[in-house]
């Protein structure tokens, strides 16, 4: 197992460098440069000022040199400073935004699992029942409803009409005056709509997925054997079948890790959440290369780690993977 | 009768006494919704409006604009331009202190100029300051600048925020704490900035014009217009800018009438259709005039802005001192449009409904930037109108950075649908002078007119307002005759404010010019939070 882990970790380094190289190249191939946002169509921007900015950002050097410099800094975990006027270190900017995005996504992932797995199991074991048919309709609704629209409806209902939940942001203006418990509740109230709504979108897919896996597993011979041996149905389903049916779900979970930081730009915009998705989107639009690269590296690392965790999970659950 | 006169006299005397107006209460908090977050709290190095708006309450310039967009003193009590127009002497206010207690002096002003021309300062605004040959601070309250040649727009450049020398000198501006924690001389002092979420400001008790009435101002960043509107409805915001649709259709209910007041004034910007004059089809003035007659501007205002705008006749804001109301106009007249195009050789010879010349049909592409629904809709209406006179138009939208870099800067377009901001100073040199008709410059339609060139240079060299106005009137006449752009419309700015706020007096400068005079009656105040 340890050699497996070491091999996987060693593989990650060249992969990561490859990813950053391609990202760097593509980003610089896109038309536009960081000075454009400040400079273009700005009558007060003189040519000299534009040249100065270009030089300050180090954009006057050839691309390979820029990439090499960037890579050298990365080796000591220096992501550089943002090109935005405040010139904040990229890591600070990301550290400001990452926790909230990860929190929302983890909570919604947890919610999805807690709801989707039982729904999937129940639908599979009661195939064709009213519940199964009901969830099928629900799933189609979940797939078909545009989330931004649903979000607005919920905001109108719970925020404006009923006044139960805040409409946007992650904390109230008076957050600092609240007690510790009050602050926690304040966060919870703000997170309720974004978490539930982002869970809703994945819920549909995940519960269907679980149902499909479960159906496939309970048709297997060993399940029939277990039943034939006279094991109680509960034990057959939850001990024998579930473990195998969950395997593909682990893979999906691993794959959802990058989404934890990519976040959802649309969600963060609608709910005015200062998260990673919005930061990344704005940085791409502003051609703020250091922040974009910082986000990409962290995203790439998380993706690789996510895949690794999924594979490790697999290996733990299935000895055949380990030995191969 | 004598008694009557006596009473009248008494009444007049009573009225003439300096009675204070209804006393304004101090206190309370105000929450303002904004689409974008600030990028830095050092306005000299930012170019986005959010940064300037949020830090604007913390800083002062040497000069500022009054309600009628005239330049008046701010940190400078007065200023004098020498007879040859080469020297400006600012007399600075006495007793002004930075919010950390240090006095504001002419050395600060001098530092600010040096900072702006320093090659290490990443600013977009150095151009105007580099025209200054030399500056000096002979004493603590006098700041003198010498220009290489008379430069009237230079005066407006002194409205830019003054930064504290003692905190910035000799430091790397991009690593400066002032980026995240501004310290100015203005009416409000900085409290906190949660990136992407909010900026909180509290009143500065020692502000040189007296404390502002409203105690706390919070800017809340809400990137989505629909969400912002819901926040307003739910009471989370006191002030936001409405879209035309929200202004017309969604805010006429009893709820809004009771709790909010809507304002409407002409925004400082205009939308235009610019032609690439290097394209032989558009080089002919009659073609541009013909197309201008074929576009129904009233219809655009009605359809796109829901009536909330005004026809644009040139690059100067209507209703201001510099605006020439008597220039040639192009009311919708398809017959005249066709006649002009025919005179230029464009007519439908093959009967396919499309005008042609030398066997080539009249068709072109209008390019505009992505993400601006007003412009996209404008393009569609123009397309339809031009098709009626036999001109086929294609529309194409491109992401902003790519649009500028690949098309506008390189002159690779036939026509563009864009907008300009109108600055209070009417200098248009960079947009119309033929020396600016170069790749990457602002005269990207390649418009060249020697007569206009002379006027653009002359208006920069005169500080005499009357004389400058006469020159700018002539400029507007030339542009209206030559129509390098078809000037389309000037939209209205549509702020909505909580009804509890008093002291708002809309003027040509908008509503926020007298923000420090705004107040909320004690009983209606929202408590100020987070000290």
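Residue numbers (my numbering), protein chains in the order written: chain A, -8 to 315; chain B, -7 to 523. We put the CB at the ideal spot given by N, CA and C, even for glycine.
Inset, instruction - Note down, in chain order, all residues in the region 132 to 161 of chain A with a beta-carbon under 9 angstroms from any beta-carbon belonging to chain B. - result: 139, 142, 143, 146, 147, 150, 151, 154, 157, 158, 159, 160 and 161
Inset, instruction - Would you mind sorting residue 344 of chain B into buried or exposed? The rule is 16 or more other CB atoms within 10 Å of its CB. - result: Counting from 1 along the second chain, the entry for residue 344 of chain B is found at position 352. It counts as exposed.
Inset, instruction - Report the residue from B/384, B/234, B/273 and B/396 whose alpha carbon sits nearest the alpha carbon of residue 435 of chain B. - result: The count along the second chain starts at 1 and reaches residue 435 of chain B at position 443. It is B/396 whose Cα lies nearest to the Cα of residue 435 of chain B.
Inset, instruction - Buried or exposed for residue 3 of chain B, please, with buried defined as at least 16 other CB atoms from any protein chain shown within 10 angstroms of its CB. - result: By 1-based counting over the second chain, the position of residue 3 of chain B is 11. Low confidence applies to residue 3 of chain B: its pLDDT is 48, below 50, so where it sits in the model is not reliable, and the reading given next is rough at best. By the neighbour-count rule (16 or more Cβ atoms within 10 Å), residue 3 of chain B is not buried but exposed.
Legend entry - Contact list for residue 225 of chain B against chain A, beta-carbon separation under 8 angstroms: Taking the second chain and counting its residues from 1, the one referred to as residue 225 of chain B is at position 233. By Cβ distance, chain A contributes 151.
Legend entry - residue 184 of chain A and residue 156 of chain A closer than 7 angstroms at C-beta: Locating residue 184 of chain A in the first chain gives position 193, counting from the first residue. Locating residue 156 of chain A in the first chain gives position 165, counting from the first residue. In contact: residue 184 of chain A and residue 156 of chain A (Cβ atoms closer than 7 angstroms).
Legend entry - Nearest-angstrom Cα separation, counted from residue 393 of chain B out to residue 81 of chain A: Working through the first chain from its first residue, we reach residue 81 of chain A at position 90. Working through the second chain from its first residue, we reach residue 393 of chain B at position 401. Each residue's Cα considered, the two are about 22 angstroms apart.
Legend entry - Distance, residue 15 of chain A Cα to residue 358 of chain B Cα: Taking the second chain and counting its residues from 1, one reaches residue 358 of chain B at position 366. Taking the first chain and counting its residues from 1, one reaches residue 15 of chain A at position 24. Taking the straight line from one Cα to the other gives about 32 angstroms.
Inset, instruction - Could you please give the first and the last residue of the uninterrupted alpha helix (DSSP H) stretch that includes residue 166 of chain A? - result: What you label residue 166 of chain A is simply residue 175 of the first chain in a count that begins at 1. Segment: none, residue 166 of chain A is in no alpha helix (DSSP H) and carries neither H nor E.
Legend entry - Interface partners of residue 269 of chain A on chain B, CB under 8 angstroms: Counting from one through the first chain, the residue named residue 269 of chain A turns up at place 278. Going along chain B in sequence order, the residues near residue 269 of chain A (Cβ under 8 angstroms) are 188 and 215.
Legend entry - Chain-order list of residues whose beta-carbon lies under 7 angstroms from that of residue 310 of chain B (same chain, five-residue window excluded): As a first step, residue 310 of chain B is located in the second chain; it is residue number 318 there, counting from the start. Excluding positions up to five away in sequence, the list reads 258, 302 and 482.
Inset, instruction - Check distances from the C-beta atoms of the region 261 to 289 of chain A to those of chain B and list, in chain order, the residues that come in under 9 angstroms. - result: 261, 262, 263, 264, 265, 266, 269, 270, 273, 276, 277 and 278
Legend entry - Three CB pairs or more closer than 8 angstroms across the region 283 to 291 of chain B and the region 461 to 470 of chain B: no
Inset, instruction - Can you pull the chain B residues whose beta carbon is under 8 angstroms from the beta carbon of residue 298 of chain A, in chain order? - result: Numbered from its first residue, the first chain carries residue 298 of chain A at position 307. None at all; the shortest Cβ gap to chain B is about 30 angstroms.
Inset, instruction - Count the other C-beta atoms from every protein chain shown that fall within 10 angstroms of the C-beta of residue 9 of chain B, then say buried if there are 16 or more, exposed otherwise. - result: Working through the second chain from its first residue, we reach residue 9 of chain B at position 17. Its pLDDT being 47, under 50, residue 9 of chain B is placed unreliably by the model, and the measurement read from it follows with that caveat. Flag for residue 9 of chain B reads exposed.
Inset, instruction - Compare the C-beta of residue 171 of chain B against all C-beta atoms of chain A and say whether one is closer than 7 angstroms. - result: Residue numbering aside, residue 171 of chain B sits at position 179 when the second chain is read from its first letter. Closer than 7 angstroms to the CB of residue 171 of chain B there is at least one CB belonging to chain A.
Legend entry - Beta-carbon proximity of residue 211 of chain B to residue 36 of chain B, cut-off 7 angstroms: As a position in the second chain, residue 211 of chain B is number 219, starting the count at 1. As a position in the second chain, residue 36 of chain B is number 44, starting the count at 1. No; because the gap between Cβ atoms is not below 7 angstroms, this pair is not in contact.
Inset, instruction - Counting only the same chain and skipping the five closest in sequence on each side, list residues whose C-beta sits under 7 angstroms from that of residue 190 of chain B. - result: Taking the second chain and counting its residues from 1, one reaches residue 190 of chain B at position 198. Counting only Cβ-Cβ distances below 7 angstroms, and skipping sequence neighbours, we find 210, 211, 212 and 213.
Legend entry - Contact with chain A by residue 244 of chain B, beta-carbon distance below 7 angstroms: As a working mapping, residue 244 of chain B is identified with position 252 in the second chain. No, its Cβ sits nowhere closer than 7 angstroms to a Cβ of chain A.
Legend entry - Sequence-distant residues of its chain with Cβ nearer than 6 angstroms to residue 51 of chain B (five each side left out): On the second chain, position 59 is the one that residue 51 of chain B refers to. Cβ within range, chain order: 153, 176 and 178.
Inset, instruction - State the DSSP-derived secondary structure class of residue 387 of chain B, mapped to helix, strand or coil. - result: For the purposes of this step, residue 387 of chain B is taken as the residue at position 395 of the second chain. Reduced to three states, the DSSP call for residue 387 of chain B is strand.
Inset, instruction - Determine, using beta carbons only, whether residue 195 of chain A and residue 130 of chain A come nearer to each other than 7 angstroms. - result: Counted from its first residue, the first chain places residue 195 of chain A at position 204. Counted from its first residue, the first chain places residue 130 of chain A at position 139. Annotated as proximal: residue 195 of chain A and residue 130 of chain A, with beta-carbon spacing under 7 angstroms.
Legend entry - For residue 491 of chain B and residue 255 of chain B, the rounded distance between their alpha carbons: Position 263 of the second chain, counting from 1, holds the residue named residue 255 of chain B. Position 499 of the second chain, counting from 1, holds the residue named residue 491 of chain B. Looking at the two C-alpha atoms, the distance is approximately 11 angstroms.
Inset, instruction - Using a Cβ cut-off of 7 angstroms, pull out every chain A residue sitting near residue 166 of chain B, in sequence order please. - result: By one-based count along the second chain, residue 166 of chain B stands at place 174. Ordered by position in chain A, the residues that pass the 7 angstroms Cβ test against residue 166 of chain B are 72 and 78.
Inset, instruction - Alpha carbon to alpha carbon, how far is residue 113 of chain A from residue 212 of chain A? Give it in angstroms, no decimals. - result: Taking the first residue of the first chain as 1, we reach residue 212 of chain A at position 221. Taking the first residue of the first chain as 1, we reach residue 113 of chain A at position 122. So the alpha carbons of these two residues sit roughly 20 angstroms apart.
Inset, instruction - Spell out a yes or no on whether the region 198 to 217 of chain A and the region 273 to 293 of chain A are touching, meaning 3 or more CB-CB pairs, one atom from each, closer than 8 angstroms. - result: no
Inset, instruction - Return the chain-ordered list of same chain residues with a C-beta closer than 6 angstroms to the C-beta of residue 92 of chain B, the five sequence neighbours on each side being excluded. - result: As a position in the second chain, residue 92 of chain B is number 100, starting the count at 1. If we look at residue 92 of chain B and ignore the five residues flanking it on each side, its Cβ neighbours are 175.
Inset, instruction - Please classify residue 360 of chain B: is it buried, with 16 or more other beta-carbons within 10 angstroms of its beta-carbon, or exposed? - result: Taking the second chain and counting its residues from 1, one reaches residue 360 of chain B at position 368. Answer is buried; the Cβ neighbour count reaches 16.
Inset, instruction - Run down chain A in chain order and give the residues with a C-beta less than 9 angstroms from the C-beta of residue 219 of chain B. - result: Walking along the second chain from the start, residue 219 of chain B turns up at place 227. Within 9 angstroms Cβ-Cβ: 142, 143, 146, 158, 159, 260, 261, 262 and 263.
Legend entry - Span of the beta strand (DSSP E) around residue 359 of chain B: Position 367 of the second chain holds residue 359 of chain B. Residues 355 to 361.
Inset, instruction - Output the distance between the C-alpha atoms of residue 459 of chain B and residue 181 of chain B, rounded to the nearest integer angstrom. - result: Counted from its first residue, the second chain places residue 459 of chain B at position 467. Counted from its first residue, the second chain places residue 181 of chain B at position 189. In a straight line, the C-alpha of residue 459 of chain B is about 41 angstroms away from that of residue 181 of chain B.
Inset, instruction - Please check if any C-beta of chain A sits within less than 7 angstroms of the C-beta of residue 317 of chain B. - result: As a working mapping, residue 317 of chain B is identified with position 325 in the second chain. Judged by the 7 angstroms Cβ criterion, residue 317 of chain B is not in contact with chain A.
Inset, instruction - Consider the Cβ of residue 22 of chain A: report whether some Cβ of chain B lies at a distance smaller than 7 angstroms. - result: Position 31 of the first chain holds residue 22 of chain A. Chain B contact via Cβ: present.
Inset, instruction - Look up residue 72 of chain A in the DSSP assignment and say whether it is helix, strand or coil. - result: Residue numbering aside, residue 72 of chain A sits at position 81 when the first chain is read from its first letter. Residue 72 of chain A falls in the strand class under three-state DSSP.
Inset, instruction - Report the rounded CA-to-CA distance for residue 499 of chain B versus residue 203 of chain B, giving the unit in angstroms. - result: The sequence position of residue 499 of chain B within the second chain is 507, counting from 1. The sequence position of residue 203 of chain B within the second chain is 211, counting from 1. Going by the C-alpha atoms only, they are around 23 angstroms apart.
Inset, instruction - Return the first residue and the last residue of the alpha helix (DSSP H) that residue 161 of chain A is part of. - result: By 1-based counting over the first chain, the position of residue 161 of chain A is 170. It is not in any alpha helix (DSSP H) - residue 161 of chain A carries neither H nor E in the DSSP assignment.
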